[in-house]
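Novice: Protein chains in written order, with full-length UniProt numbering: chain E, 1 to 341; chain V, 1 to 341. No residue lacks a Cβ here, since even glycine has one placed at the ideal position from N, Cα and C. These numbers were taken from a predicted model, which means no experiment stands behind them. Handing you this structure, nothing more for now.
Below is the structure:
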């Protein structure tokens, strides 16, 4: 890079008529700067094509050997498992992981991203892709490498994930192929959750493809607990026509649904079939064991760490790592009642 | 405090014959200082009664509004739930939580404690009490407030926890009272885990108290997965005499054991009783539902946050907050086969 043509922090400060400290604050803690000043500074940053001087960060000695992750919730078996593998891979490289939970709140996620970058995180893991553009802008301005996991997008970001939509469409197609005509879905909450939204869209697309066969299709959303799955199941079975198959957006909802079905005296899958998504540990320990989409969470977490470490080291990386998922047929999905398979 | 009598960083440096930077490094990043120098400096610190000047930290403006937690593993529903509540309470106070996982390795825990304190954590949450004295010494030298959760100890630290030993003794006594005479325990791994060790000791103490009644008692340890619980159960039921009750050190092991019992054609509790500990979500969704020790994890996490926030603010706190636990009788524990309850 030709240093002569590279604008400095001083140039930005002069152009915006503020101190360098203010420019710095706009870049690092924009919330602490009044909007008018921030806008003036950010315009100067853009006009001059200024990028903060993170050249020094490329020197190993300047790295903090710390990586951050912001996950939607700490209280979720799915992230826990992938994150554990992410951490183990980082740990082998001598890198410490610090984790923050956003509570599925994109504003809080943005705060935590700034907190982690502000504490010197060399790179970040974020889940999925639905978040305000400002968060992406902040990371690019800071020059902080990041990877997005648990889904795949079509932006220029680095993804380590799988096609939630296609996998959900596949399991829904299996349900239709077995002869189910009245089908319902208990989805995760889709707001600011691209994974949950993609799964709903995948199931809907399978229903649309089989529009001449499927008689009824219903979707309700439920938060992520066994109890929520059970309650949602209660609502669905009271509908007319009663669904013969309930496709769940994740295994936790499915386990709750199975438990409630049995409590209501319904045989699974004799009276009603239930499917999950994720293949968390408990999926093979319930009765009947859950037909679900197996997601290799540990492999995904480990791959995310590898890509992030390479990004931090300025080494070439694949822009997109697709993690293969597959449907695992277990006991909870069968043909609808009254049919001969 | 009379500042005149307070030794400074300079005094320590002079006494140890090193630079103030070296003293600082000994206090903050002891691993980066050669042992001989470190010992000399730490002796001077001790001789002079030096404590780092964290007076400035008491000013709100100097605080980072970040708290750290080091938990044994990210892959564990029990910590996840308590931690989520811990975070929510911090979040209400505008404090960000950063979490690190130690993999049940006390050396790694020590590194992560230093990483978090080094990144400016205002205070720390640690799990249990079994860790090298050096970690406690480091925290005291740094003047970083910390709380210990999930257990109670008798040191001068701040505990927010429950009596694992007494609770385990109580559930074991229930098993004996119901008439079981051949009893086994599947314990969590007790090495560097005071909670798991206390639960074993509690069960053993109940057995000792009923020594004239109990005919056989066996303990095996298993890691924290459903599959490990199932495998351990396999080993236990092949023993002679076959136990009529299996007390598990946690619910995950117990759910694995129930699943394997049913797969082997054993009725629970008709042929064999199984108990858990923790009352995680799945405990009431398995069949039969699990008799277990209910631990209010969310309450504990929230209380830990409240105590830590007060410690950081230099407000008075209770040295020990005992969280009440209770035995929840569900379907998995009954009298031994061949008895009339």
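Give me, in chain order, the residues of the same chain whose beta-carbon lies closer than 7 Å to that of residue 234 (chain E); leave out the 5 immediate sequence neighbours on both sides.
Specialist: Mapped onto the first chain, residue 234 (chain E) falls at position 234. 260.
Novice: For a contact meaning CB atoms closer than 9 Å, what does residue 226 (chain E) contact in chain V?
Specialist: Position 226 of the first chain, counted from the first residue, corresponds to residue 226 (chain E). By Cβ distance, chain V contributes 281, 282, 284 and 285.
Novice: Can you give the Cα-Cα distance for residue 337 (chain V) and residue 208 (chain V), rounded to whole angstroms?
Specialist: Counting from 1 along the second chain, the entry for residue 337 (chain V) is found at position 337. Counting from 1 along the second chain, the entry for residue 208 (chain V) is found at position 208. Their backbone Cα atoms lie some 23 Å apart in a straight line.
Novice: Between the Cα of residue 9 (chain E) and those of E:162, E:33 and E:42, spot the shortest distance and give me the residue it belongs to.
Specialist: Within the first chain, the letter at position 9 stands for residue 9 (chain E). Answer by Cα proximity: E:42.
Novice: Quick check on the DSSP output: what are the complete beta strand (DSSP E) runs of length 3 or more inside the stretch 20-104 of chain E, in order along the chain?
Specialist: Here the runs fully enclosed are 66-71 and 96-101.
Novice: Between which two residues does the beta strand (DSSP E) harbouring residue 118 (chain V) extend?
Specialist: Locating residue 118 (chain V) in the second chain gives position 118, where the first residue counts as 1. Taken as a continuous stretch (DSSP letters only), residue 118 (chain V) belongs to no beta strand (DSSP E), being part of the alpha helix (DSSP H) at 106-118.
Novice: Can you give the beta carbon distance from residue 100 (chain E) to residue 98 (chain V), rounded, assuming they're within the 8 Å contact cut?
Specialist: As a working note, residue 100 (chain E) is residue 100 in the first chain. As a working note, residue 98 (chain V) is residue 98 in the second chain. The Cβ separation is near 6 Å, so the contact holds.
Novice: Check the Cβ-Cβ distances between residue 21 (chain E) and every residue of chain V, and say whether any is below 9 Å.
Specialist: Numbered from 1 along the first chain, position 21 holds the residue referred to as residue 21 (chain E). No, its Cβ sits nowhere closer than 9 Å to a Cβ of chain V.
Novice: Whose Cβ in chain V lies nearer than 7 Å to the Cβ of residue 83 (chain E)?
Specialist: Stepping through the first chain from its first residue, residue 83 (chain E) is reached at position 83. Chain V residues near residue 83 (chain E): 74.
Novice: Quick one: what does DSSP say residue 273 (chain V) is sitting in, helix, strand or coil?
Specialist: Here the question's residue 273 (chain V) lines up with position 273 in the second chain. Looking at residue 273 (chain V) - three-state DSSP - the assignment turns out to be strand.
Novice: Compute the Euclidean distance between the alpha carbons of residue 115 (chain V) and residue 92 (chain E), then round it to the nearest angstrom.
Specialist: Taking the first residue of the second chain as position 1, residue 115 (chain V) is located at position 115. Taking the first residue of the first chain as position 1, residue 92 (chain E) is located at position 92. Looking at the two C-alpha atoms, the distance is approximately 16 Å.
Novice: When burial is assigned at 16 or more other CB atoms within 10 Å of the CB, is residue 305 (chain E) buried or exposed?
Specialist: Reading the first chain from its first residue, position 305 is the one you call residue 305 (chain E). Classification of residue 305 (chain E): buried, given that the 10 Å Cβ count is 16 or more.
Novice: Could you pull the DSSP bridge partners for residue 294 (chain E) from this structure?
Specialist: In the first chain, residue 294 (chain E) corresponds to position 294, counting from 1. In DSSP, residue 294 (chain E) forms a bridge with E:278 and E:326.
Novice: Would residue 78 (chain V) and residue 250 (chain V) be called neighbours here (beta carbons separated by less than 9 Å)?
Specialist: By 1-based counting over the second chain, the position of residue 78 (chain V) is 78. By 1-based counting over the second chain, the position of residue 250 (chain V) is 250. In contact: residue 78 (chain V) and residue 250 (chain V) (Cβ atoms closer than 9 Å).
Novice: Taking residue 100 (chain E) as the query, report the chain V residues whose CB atoms sit under 9 Å from its CB, ordered along the chain.
Specialist: The residue labelled residue 100 (chain E) in the question sits at position 100 within the first chain. Per Cβ cutoff of 9 Å: 87, 96, 97, 98 and 99.
Novice: With burial defined as no fewer than 16 other Cβ atoms inside 10 Å of the residue's Cβ, what is the status of residue 58 (chain E): buried or exposed?
Specialist: For this step, residue 58 (chain E) is matched to residue 58 along the first chain. Any answer about residue 58 (chain E) is weak, because its pLDDT of 35 lies below 50 and its placement is not dependable; what the coordinates show is given next. Burial call: exposed.
Novice: Tell me the start and end of each unbroken alpha helix (DSSP H) in the stretch 123-190 of chain E that is at least 4 residues and wholly inside, in chain order.
Specialist: Runs found: 133-142 and 164-177.
Novice: What number of angstroms, rounded off, separates the C-alpha of residue 331 (chain E) from the C-alpha of residue 291 (chain E)?
Specialist: Within the first chain, residue 331 (chain E) is the residue found at index 331, counting from 1. Within the first chain, residue 291 (chain E) is the residue found at index 291, counting from 1. Cα to Cα, the separation comes out at about 6 Å.
Novice: In chain order, what residues of the same chain lie with their CB nearer than 6 Å to the CB of residue 297 (chain V), ignoring the 5 residues before and after it?
Specialist: Translated into positions along the second chain, residue 297 (chain V) becomes position 297. Once the five neighbours on either side are set aside, the close Cβ partners of residue 297 (chain V) are 81 and 82.
Novice: I need the straight-line Cα distance from residue 342 (chain E) to residue 141 (chain V), nearest angstrom please.
Specialist: The requested residue 342 (chain E) does not occur in the structure, where chain E is confined to residues 1 to 341.
Novice: With respect to the beta strand (DSSP E) encompassing residue 220 (chain E), which residues constitute its N-terminal and C-terminal limits?
Specialist: Position 220 of the first chain, counted from the first residue, corresponds to residue 220 (chain E). Counting along the chain, the beta strand (DSSP E) containing residue 220 (chain E) begins and ends at 216-221.
Novice: Hey, would you say residue 213 (chain E) sits closer than 9 Å to residue 181 (chain E), going by beta carbons?
Specialist: Within the first chain, numbered from 1, the residue matching residue 213 (chain E) stands at position 213. Within the first chain, numbered from 1, the residue matching residue 181 (chain E) stands at position 181. Closer than 9 Å, so yes.
Novice: The stretch 115-144 of chain V: which residues have C-beta closer than 8 Å to a C-beta of chain E, in chain order?
Specialist: Listed by position along the chain: 115, 116, 119 and 120.
Novice: Got a sec: is the Cβ-Cβ distance from residue 57 (chain E) to anything in chain V below 9 Å?
Specialist: Working through the first chain from its first residue, we reach residue 57 (chain E) at position 57. Confidence in residue 57 (chain E) is poor, its pLDDT being 37 and thus under 50, which makes the residue's placement too unreliable to answer from.
Novice: Using a cut-off of 8 Å between C-beta atoms, extract the partners of residue 256 (chain V) located in chain E.
Specialist: Taking the first residue of the second chain as position 1, residue 256 (chain V) is located at position 256. The answer, in chain order, is 285.
Novice: What does residue 259 (chain E) touch in chain V if you count any residue whose Cβ is under 7 Å from its own?
Specialist: Looking up residue 259 (chain E) in the first chain gives position 259. Chain V residues near residue 259 (chain E): 285.
Novice: How long is the line joining the alpha carbons of residue 253 (chain E) and residue 327 (chain V), rounded to whole angstroms?
Specialist: Translated into the one-based positions of the first chain, residue 253 (chain E) becomes position 253. Translated into the one-based positions of the second chain, residue 327 (chain V) becomes position 327. Those two C-alpha atoms are separated by around 27 Å.
Novice: Would you mind giving the Cβ-Cβ distance between residue 270 (chain V) and residue 248 (chain V), rounded to the nearest angstrom? I have them listed as a contact below 8 Å.
Specialist: Position 270 of the second chain, counted from the start, is the residue given in the question as residue 270 (chain V). Position 248 of the second chain, counted from the start, is the residue given in the question as residue 248 (chain V). Wrong, their Cβ atoms sit about 18 Å apart, outside the cutoff.
Novice: Counting only beta-carbon separations shorter than 9 Å, does residue 179 (chain V) have a partner in chain E?
Specialist: The residue labelled residue 179 (chain V) in the question sits at position 179 within the second chain. Not closer than 9 Å to any Cβ of chain E, the Cβ of residue 179 (chain V) fails to qualify, so no.
Novice: Residue 66 (chain V) touches chain E at which residues, Cβ-Cβ below 8 Å?
Specialist: To locate residue 66 (chain V), count along the second chain from 1; it is residue 66. Per Cβ cutoff of 8 Å: 115 and 119.
Novice: Rounding to the nearest angstrom, what Cα-Cα distance links residue 320 (chain E) and residue 217 (chain V) in this structure?
Specialist: Position 320 of the first chain, counting from 1, holds the residue named residue 320 (chain E). Position 217 of the second chain, counting from 1, holds the residue named residue 217 (chain V). Approximately 54 Å, taken between the alpha carbons.
Novice: Output yes if chain V places a C-beta closer than 9 Å to the C-beta of residue 324 (chain E); else output no.
Specialist: By one-based count along the first chain, residue 324 (chain E) stands at place 324. Taking Cβ atoms only, chain V never reaches closer than 9 Å to residue 324 (chain E), which makes this a no.
Novice: How would you list, in chain order, the residues of chain E whose beta-carbon sits under 7 Å from the beta-carbon of residue 112 (chain V)?
Specialist: Reading the second chain from its first residue, position 112 is the one you call residue 112 (chain V). Neighbours of residue 112 (chain V) on chain E, chain order: 96.
Novice: Is it right to say residue 156 (chain E) is buried, meaning 16 or more other beta carbons lie within 10 angstroms of its own, or is it exposed?
Specialist: Counting from one through the first chain, the residue named residue 156 (chain E) turns up at place 156. Label assigned to residue 156 (chain E): exposed.
Novice: For the alpha helix (DSSP H) containing residue 254 (chain V), name the first residue and the last one.
Specialist: Here residue 254 (chain V) corresponds to residue number 254 of the second chain, with the count starting at 1. Note, residue 254 (chain V): alpha helix (DSSP H), 251-263.
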